[in-house]
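J.: I have a structure I would like to understand better, so I am pasting it below and will then ask my questions one at a time.
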Amino acid sequence: MIDSAKPRPETWLKTRGRGFIVAAVALLFGLPQYATSFPIEGDQAVLPAGTELNEDAADVPHEILSSEYRGDRTSYVVALGDLAFNSPAILGDVARRAGISCGTCHVNGASNAKLFVPGLSTRPGTFDTTGALFNPKADNHVFDPVRIPSLRGARYLAPYGHDGRITSLRDFIRNVVVNEFAGPEPSTTILDAIVAYVQEIEFLPNPKLGRRGRLNETASETERRGEALFSKPFPHDPTLSCAACHQPSGAFVDHLQHDVGSGGLFKTPTLLNANFNAPYFHDGRYDNLGQVVDHFDREFGLGLSAQDRGDLVAYLSAVGDGRQPYDRDSVMVRFKEISNFSLLLAQAIGMHDRETVELAVDTLGGELRDLIERFPDHRDTAVTGALVERRLARGAVKDVVISLRRIATAMMSGDFDAATAEYRSYYDLTFSRAMPLLRGTEPWSLFNPALREAHDAQRRQMLRAAQAQR
Amino acid sequence: MTAAIKTRMSNRNRIVAVLSPHARNWCGAVRGAIVAICLAANAGAAPLDAAAESYRRCLIDDIGRSLNAARTLRERLLAGDLDGAKRAWIESRIGWERSEVFTSGFVPELDQQIDAWPNAIHGFHGIEAKLFGANRTDVGNETDALIAHLADLQAQIEHVHLAPQRLLNGVARLAFEIGGNKADGGESRLSGTSLNDMQNNIDGIELAYRVIFSDAIEAGDPGLAGATRAAIERIKAAVRISDLRRLNAEKLRADSEELVALLQSAGPKIGLRKPTLEEGSE
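Chains as they are written, first to last, in my numbering: chain A, 536 to 1005; chain B, 31 to 312.
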């Protein structure tokens, strides 16, 4: 009954955000689609001052799941994996207290190119998974951050880890949860679900690529010359070419590790959707594809002319492209995820699955509380219009949060009938009351870029006051 | 960590260290006295309106202390006493945060003037930014405005109609608020006193609950009254920590939401409606 009433999500888009406080200099490095944001400031936060999680980004990566391609509904297992992927509760104490989930680094399965944690990142988009902050026992005492990878197409990209040390995606994910982020041993159900979810994350479709990874008829002359160069044997070793490792017919990988003069053996990264995966190389040392081409020209003595380099960059940019890489964050983007997780919650209640209900209530509650903050109350001096409507919208979402809590309480006490009844109330509150109020008030929320800028401008002014010595 | 932040931490820790023994004794004694006075005034299970009148005296007392501390802040600024000014700012926050049960819903305009957030250029947090962030004492104008607004508030409290329904709304809203995300350092992060804010918030919730609603709920549904008291105690225990970074945020959020749910159940048991969680959403 509940399933049939649910809107079928067309996409699965997620953002998280908790409105981290002001800092003096917005980190502007990264993709132009991202708005200026505010790293953590002060000495009372769980994460170090200067941390940037980019959770206030105006645009969020677009995610496509395999089931969407097939026109199917997302399975329970995949939805559970999606939920767990976006829940801090499955990770260790520090991550939970900081509100970090898998989805913080891999936003909708894409890489978070702006994430920066002082002491764990050398530059935005990199992270030392063997640092001490999240799990002191995993600390290798070497500052060796690696690029945060995109998970798009992960099922085609074994082995896993930049050095390709782990063959199984399941083993790799368990390692991230248990060792890198000190989470408790995940149940088989949760681990399998996360694997199922990650395996569903597709590459963005690329309108420039045809069969077997070849450029199609839309390609330019420059791109075609680049494609030819890509397969041309290297002058000093004819057994080598770019395409020998980045095999166009095989997702542009060969599943092997190579030493390309970057400091060791690292697995061949895919080039698909690579336009959205900067920075490049295992340690994120390069900002753009031109620098990558220059590296290979230098290391392998390719003797490329300026035109050759331009052609190769054009080709790599064509291969690395993808349709609709970002979506503007909005109420409806948020509600697509809320809808998906709500469906899962209904199913879990029906199955008397307390663990999943608890996880869903925790994750949904966090997302909803974040949504409330996008609709400032009277204390925000930068947002003045539609206060009555904003309060109504905020109040409605708060009622949803409390309804969720009632579901959890009923489940924990074993009163499944009460939980089912409360879910009906939750459903109505969410989709018949809160969602329309939020949509109607969205122009006066921080989803409105102009209001967001006004809000941020005042935050910057406050920060300047905090930093201006006499 | 930058040198500036280290300096800020060092200054703050020194101030809190100086303040803490006094503040703890003061808070404990005053809280006990206020509750005793208020409960005495409320003896005999007076109707909710009478209980709300008892709570008025508590509010006047808390805002009065906040105002006095703000005046001390002004004096310390004039004396160029940075540490004394910081100490007075922290003291002034105590009564204010205890009164948020009332301020957010009854006087939203003054609430914005006094406690604008998160982009404050005036009020407590505008002063905090300069005083604690930049170690500057040139916040006289902002402090004068704060004093004027607190004095205005104190005057309004004398006469405003304290409808029990609106006070129950205020208790529930503050209970919801206390479960909000603090991973980024909370509300008063530049002074490092966000944890104090939370402790004072729950003290304010407990005070309003005990003075206004406790007896009525006990009479109507003892089990619900017990569960509500237990929920308040759990939140008090959750914030009884030395460092905000040690906060078990998940548990606090669950506890805060359970308290709201209990208060929503309590409303109809004492002749009121289910409390609403935003002004105007009745």
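Beta carbons: idealized from backbone N, C-alpha and C, even for Gly.
#1: Please classify B/His191 as buried or exposed, where buried requires at least 16 other C-beta atoms within 10 Å of its C-beta.
#2: Against B/Lys116, what residues of chain A qualify as contacts under a CB-to-CB distance less than 8 Å, listed in chain order?
#3: Which residues in the same chain as B/Arg283 place their Cβ atom closer than 6 Å to its Cβ, once the five residues preceding and following it in sequence are excluded?
#4: How do the region 122-131 of chain B and the region 75-95 of chain B stand: do at least 3 beta-carbon pairs fall below 8 Å, yes or no?
#5: If the cut is a Cβ gap below 9 Å, which residues of chain A does B/Lys299 touch?
#6: What would DSSP say about A/Ala580, mapped onto helix, strand or coil?
#7: For A/Ser656, tell me which candidate among A/Ala728, A/Val613, A/Leu704, A/Leu588 has the shortest Cα-Cα distance.
#8: Are three or more beta carbon pairs between the region 656-675 of chain A and the region 819-830 of chain A nearer than 8 Å?
#9: How would you label B/Gln186, buried or exposed, when you count the other beta carbons within 10 angstroms and need 16 or more for buried?
#10: Per DSSP, which residues does A/Ile736 bridge with? Please list them.
#11: Taking only beta-carbon positions, decide if B/Val375 is within less than 7 Å of chain A.
#12: Between the region 937-954 of chain A and chain B, which residues of the former have CB atoms less than 7 Å from a CB of the latter, in chain order?
#13: Rounded to the nearest angstrom, what separates B/Leu183 and B/Asp141 at their Cα positions?
#14: What residues in its chain sit with their C-beta under 8 Å from that of A/Asp698, if we drop five residues either side in the sequence?
#15: Nearest-angstrom Cα distance between B/Pro148 and A/Gly855?
#16: Using 10 angstroms around the beta-carbon of B/His179, count the other beta-carbons present and answer buried if the total reaches 16, otherwise exposed.
#17: With B/Phe162 and B/Lys116 assumed to form a contact (beta carbons below 8 Å), what rounded beta-carbon distance in angstroms separates them?
#18: Among the candidates A/Leu618, A/Asp706, A/Gln579, whose CA atom is the shortest distance from the CA of A/Ser874?
#19: For A/Glu988, which residues in the same chain have their Cβ closer than 7 Å to its Cβ, ignoring the five residues on either side in sequence?
#20: Does any residue of chain A bring its CB to less than 7 Å from the CB of B/Arg275?
#21: Residues of chain A with CB under 8 Å from B/Asn98, in chain order?
#22: Taking the continuous beta strand (DSSP E) assigned at A/Arg863, which residues delimit it?
#23: Is there a Cβ of chain B sitting closer than 7 Å to that of A/Tyr569, yes or no?
#24: Excluding the five sequence neighbours on either side, which residues of its own chain have a C-beta within less than 6 Å of the C-beta of B/Ala53, listed in chain order?
#25: Excluding the 5 residues flanking A/Gln993 on each side, which residues of the same chain have their C-beta closer than 7 Å to its C-beta?
#26: Given a cut-off of 7 Å on the beta-carbon distance, is the pair A/Tyr958 and A/Ala895 in contact?
#27: Would DSSP call A/Ala917 helix, strand or coil?
#28: Quick one: what does DSSP say A/Gln792 is sitting in, helix, strand or coil?
#29: Quick check on B/His155: does DSSP put it in helix, strand or coil?
#30: Looking at A/Leu906: is its Cβ nearer than 7 Å to the Cβ of A/Phe876?
#31: Any beta carbon of chain B sitting closer than 7 Å to that of A/Val916?
#32: Assign A/Arg605 to one of two classes, buried (16 or more other C-beta atoms within 10 Å of its C-beta) or exposed (fewer than that).
#33: Do B/Ile232 and B/Ile271 have their beta-carbon atoms positioned less than 7 Å apart in this structure?
#34: With H, G and I counted as helix, E and B as strand and the rest as coil, what does DSSP make of A/Ser646?
#35: So B/Phe201 and B/Val269 are supposed to be a Cβ contact under 8 Å. How far apart are they, rounded?
#36: When the cut-off is 7 Å and only beta carbons count, does B/Lys304 lie next to chain A?
T.: With the given structure in hand:
#1: Here B/His191 is exposed: its Cβ has fewer than 16 other Cβ atoms, across all protein chains shown, within 10 Å.
#2: Within 8 Å Cβ-Cβ: nothing; B/Lys116 doesn't reach chain A, min ~14 Å.
#3: Here the set comprises Gly209.
#4: Counting Cβ pairs under 8 Å, three or more are found: they touch.
#5: Residues of chain A whose Cβ lies closer than 9 Å to the Cβ of B/Lys299 do not exist; the shortest such Cβ separation is about 16 Å.
#6: Three-state DSSP puts A/Ala580 in coil, outside helix and strand.
#7: Looking at A/Ala728, A/Val613, A/Leu704, A/Leu588, the one whose alpha-carbon comes closest to that of A/Ser656 is A/Leu588.
#8: Two segments are said to touch when three or more pairs of C-beta atoms, one from each, lie closer than 8 Å; by this definition the region 656-675 of chain A touches the region 819-830 of chain A.
#9: Under this definition B/Gln186 is an exposed residue.
#10: The partner list for A/Ile736 (beta bridge, DSSP) reads A/Leu600.
#11: Nothing about residue 375 of chain B can be reported from this structure: the residues present for chain B run from 31 to 312 only.
#12: With the criterion set as a beta carbon lying under 7 Å from some beta carbon of chain B, the members of the region 937-954 of chain A are Ile937, Arg940, Arg941, Thr944, in sequence order.
#13: Straight-line Cα distance between these residues: approximately 9 Å.
#14: Same-chain partners within the cutoff: Gln792, Gly799, Leu800, Phe801, Lys802, His817.
#15: Take the alpha-carbon of B/Pro148 and the one of A/Gly855: they are about 40 Å apart.
#16: By the Cβ neighbour-count rule, B/His179 is buried, with 16 or more other Cβ atoms within 10 Å of its own.
#17: With a Cβ gap of about 6 Å, B/Phe162 and B/Lys116 count as contacting.
#18: Nearest C-alpha to A/Ser874: A/Leu618.
#19: No residues qualify anywhere along the chain.
#20: Cβ-Cβ to chain A under 7 Å: yes for B/Arg275.
#21: At a C-beta separation below 8 Å, B/Asn98 has no neighbours in chain A, since its nearest C-beta there lies roughly 24 Å away.
#22: From DSSP, the beta strand (DSSP E) with A/Arg863 extends over 861-863.
#23: Its pLDDT being 29, under 50, A/Tyr569 is placed unreliably by the model, and the measurement read from it follows with that caveat. Not one chain B Cβ lies under 7 Å of A/Tyr569.
#24: With a pLDDT of 37 at B/Ala53, under the threshold of 50, the modelled position of this residue cannot be trusted; read the value that follows with caution. Taken in chain order, the list of residues that qualify is empty.
#25: So the list reads Thr916, Ala917, once near-sequence residues are dropped.
#26: No, they are not a contact pair.
#27: Residue state, collapsed to three classes: coil.
#28: Collapsing the DSSP output to three states places A/Gln792 in a strand.
#29: Here DSSP, grouped into helix, strand and coil, assigns B/His155 to helix.
#30: One thing to note: A/Leu906 has its Cβ no nearer than 7 Å to the Cβ of A/Phe876.
#31: For clarity, residue 916 of chain A is Thr in the given sequence; the question names Val instead. Cβ-Cβ to chain B under 7 Å: yes for A/Thr916.
#32: By the beta-carbon neighbour count (other beta carbons within 10 angstroms, threshold 16), A/Arg605 is exposed.
#33: No; because the gap between Cβ atoms is not below 7 Å, this pair is not in contact.
#34: Looking at A/Ser646 - three-state DSSP - the assignment turns out to be strand.
#35: The displayed chain sequence assigns Val, not Phe, to residue 201 of chain B. In fact, because the Cβ distance is near 16 Å, the residues do not count as touching under 8 Å.
#36: Cβ-Cβ to chain A under 7 Å: no for B/Lys304.
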